[in-house]
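A.B. asks: Chains as they are written, first to last, in the working numbering: chain X, 3 to 306; chain Y, 148 to 239.
1) Kindly identify the DSSP beta-bridge partner or partners of residue 219/Y.
2) Ignore the nearest five residues each way along the sequence and tell me which others in residue 151/X's own chain have a CB closer than 8 Å to its CB.
3) So is residue 198/Y buried or exposed if we call it buried at 16+ other beta carbons inside 10 Å?
4) Does any residue of chain Y have a CB that is nearer than 8 Å to the CB of residue 216/X?
5) Please go through the same chain and pick out, in chain order, the residues whose beta-carbon is closer than 7 Å to the beta-carbon of residue 26/X, but skip the five residues on each side of it.
6) For the segment 28–45 of chain X against the segment 105–116 of chain X, do three or more pairs of beta-carbon atoms, one drawn from each stretch, fall closer than 8 Å, so that the two count as touching?
7) Using the C-alpha atoms, what's the distance from residue 278/X back to residue 252/X?
8) Should residue 162/X be labelled buried (16 or more other beta-carbon atoms within 10 Å of its own) or exposed?
9) Determine whether the Cβ of residue 232/Y lies closer than 8 Å to any Cβ atom of chain X.
10) Does the separation of the CB atoms of residue 127/X and residue 154/X fall below 8 Å?
11) Give the DSSP-derived three-state secondary structure of residue 64/X in the structure shown.
12) Can you find the residues in the same chain that come closer than 7 Å, C-beta to C-beta, to residue 10/X, ignoring five residues on each side of it along the sequence?
13) Starting from residue 201/X and walking both ways along the alpha helix (DSSP H), at which residues does that stretch end?
14) Out of 227/X, 300/X and 219/X, state which residue places its alpha-carbon closest to the alpha-carbon of residue 272/X.
15) Closer than 9 Å by beta-carbon distance: list the chain X residues that pair up with residue 153/Y, in chain order.
16) Determine the direct distance from the alpha carbon of residue 150/Y to that of residue 166/Y, and round the result to whole angstroms.
17) Does the Cβ-Cβ distance between residue 288/X and residue 183/X come in under 8 Å?
18) Helix, strand or coil: which one does DSSP assign to residue 162/Y?
19) So, does the CB of residue 219/Y fall closer than 8 Å to a CB anywhere in chain X?
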């Protein structure tokens with residue numbers, strides 16, 4: 003792995019992709035009131051593709067380019083429930099690559115339409131099998147046609163590296179080294195693994211959060227005991243492991259909109275609900291990552 | 148009236164490993180109650196405390212979203228296929 007933040011910046015200079023990262027870090031003034039710890043939110047919806055996945059999407063594509071994996075006629079491929087698909091579609095549009103995405107059928111209409119708008123081709127997998135079904139279908143496609151360059155966000159080391167070299171250092175710099183805890187959900191695990199590598203050696207405690215049930219509504223997160231385990235995941239990167247119920251996540255998602263003006267998806271609510279628990283029990287500056295915006299969930303019952 | 152109900156992998160633990168079950172009833176509520184009789188706890192995984200379909204679960208009766216057909220009061224014609232799926236896919 004030879005990517006550096008300087009190299010990625012150089013490759014995208016003068017394009018929209020230059021705007022990936024450097025997202026705002028803001029205090030949660032109402033939801034954070036009365037806690038022992040201070041709560042700060044890293045707003046990843048400020049990325050050009052609208053989610054934290056722009057970071058991994060950009061780095062995985064640049065990594066494939068630098069490694070010479072993309073030839074004339076190549077088609078980038080990945081399995082995704084949505085945000086990574088949008089990110090890869092945006093990056094592919096700017097970089098001039100063809101892209102095929104495998105997504106579970108009948109979920110999150112918005113993501114499918116946005117990815118298609120950027121020119122991605124969609125393959126819909128069995129909705130009953132969720133993201134794991136999409137992974138199996140992408141593996142089958144990659145094995146059947148040599149034109150596919152399977153990015154595989156669950157195994158791709160450029161995914162956590164993006165967070166180790168951008169998200170983590172940004173948080174350190176934005177808090178002037180005062181961050182004491184970092185709270186984020188586990189999906190591919192790229193965010194928590196990468197940020198942990200950047201901040202844990204500096205004494206920051208890492209809190210990893212998962213859904214409390216296999217059947218859950220926290221888009222982007224994985225219930226590890228029942229899901230295909232991402233090869234990049236390593237439990238040892240976190241000091242604390244928590245679980246979150248979808249109902250509590252949704253309640254906090256609604257509070258964030260009404261009380262803080264932060265319109266996010268269920269994973270943002272879930273992460274903040276977990277961070278509130280941490281802030282109740284400990285002093286310090288607790289940074290929580292809010293992965294995306296609420297617009298992508300307008301077709302779901304969340305906002306009805 | 149017998150119908151086939153297809154369930155997501157995420158609900159396997161609630162039905163003893165089955166992802167396809169037969170059930171009887173005229174409405175979606177009847178169908179869910181019938182499955183819950185054989186697999187106690189199933190109802191609470193799909194419906195909330197007030198008896199509505201959980202916000203993160205979608206139920207289709209044939210091609211129709213049950214929410215648009217009356218929620219748990221939606222009629223389930225004999226021989227139709229009911230599909231329960233997560234509204235959010237999980238993953239990333």
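The C-beta atom is built at its ideal place from N, Cα and C for all residues, glycine as well.
C.D. replies: In short:
1) Within the second chain, numbered from 1, the residue matching residue 219/Y stands at position 72. Paired residues: none, contrary to the question.
2) Numbered from 1 along the first chain, position 149 holds the residue referred to as residue 151/X. Hits under 8 Å: 66, 71, 72, 76, 77, 78 and 79.
3) Within the second chain, numbered from 1, the residue matching residue 198/Y stands at position 51. With fewer than 16 other beta carbons inside 10 angstroms of its own, residue 198/Y counts as exposed.
4) Within the first chain, residue 216/X is the residue found at index 214, counting from 1. So yes, residue 216/X belongs to the interface.
5) Locating residue 26/X in the first chain gives position 24, where the first residue counts as 1. Correct list, in chain order: 45 and 48.
6) Segments in contact, no.
7) Position 250 of the first chain, counted from the first residue, corresponds to residue 252/X. Position 276 of the first chain, counted from the first residue, corresponds to residue 278/X. C-alpha separation (whole angstroms): 14 Å.
8) Position 160 of the first chain, counted from the first residue, corresponds to residue 162/X. Under this definition residue 162/X is a buried residue.
9) Numbered from 1 along the second chain, position 85 holds the residue referred to as residue 232/Y. Yes, because at least one Cβ of chain X sits closer than 8 Å to the Cβ of residue 232/Y.
10) Taking the first chain and counting its residues from 1, the one referred to as residue 127/X is at position 125. Taking the first chain and counting its residues from 1, the one referred to as residue 154/X is at position 152. The answer is no: Cβ separation not under 8 Å.
11) Position 62 of the first chain, counting from 1, holds the residue named residue 64/X. Helix, per DSSP.
12) The residue given as residue 10/X occupies position 8 in the first chain. If we look at residue 10/X and ignore the five residues flanking it on each side, its Cβ neighbours are 60, 61 and 64.
13) As a first step, residue 201/X must be located in the first chain, where it is residue number 199. Start and end: 192–201.
14) Translated into the one-based positions of the first chain, residue 272/X becomes position 270. The residue with the shortest Cα to Cα distance from residue 272/X is 219/X.
15) In the second chain, residue 153/Y corresponds to position 6, counting from 1. Here the neighbours are 130.
16) Mapped onto the second chain, residue 166/Y falls at position 19. Mapped onto the second chain, residue 150/Y falls at position 3. In a straight line, the C-alpha of residue 166/Y is about 14 Å away from that of residue 150/Y.
17) Position 286 of the first chain holds residue 288/X. Position 181 of the first chain holds residue 183/X. Yes. Within cutoff.
18) For the purposes of this step, residue 162/Y is taken as residue 15 along the second chain, with counting starting at 1. Note: residue 162/Y maps to helix in three-state DSSP.
19) In the second chain, the residue the question calls residue 219/Y occupies position 72. It does not: the Cβ of residue 219/Y has no partner Cβ on chain X nearer than 8 Å.
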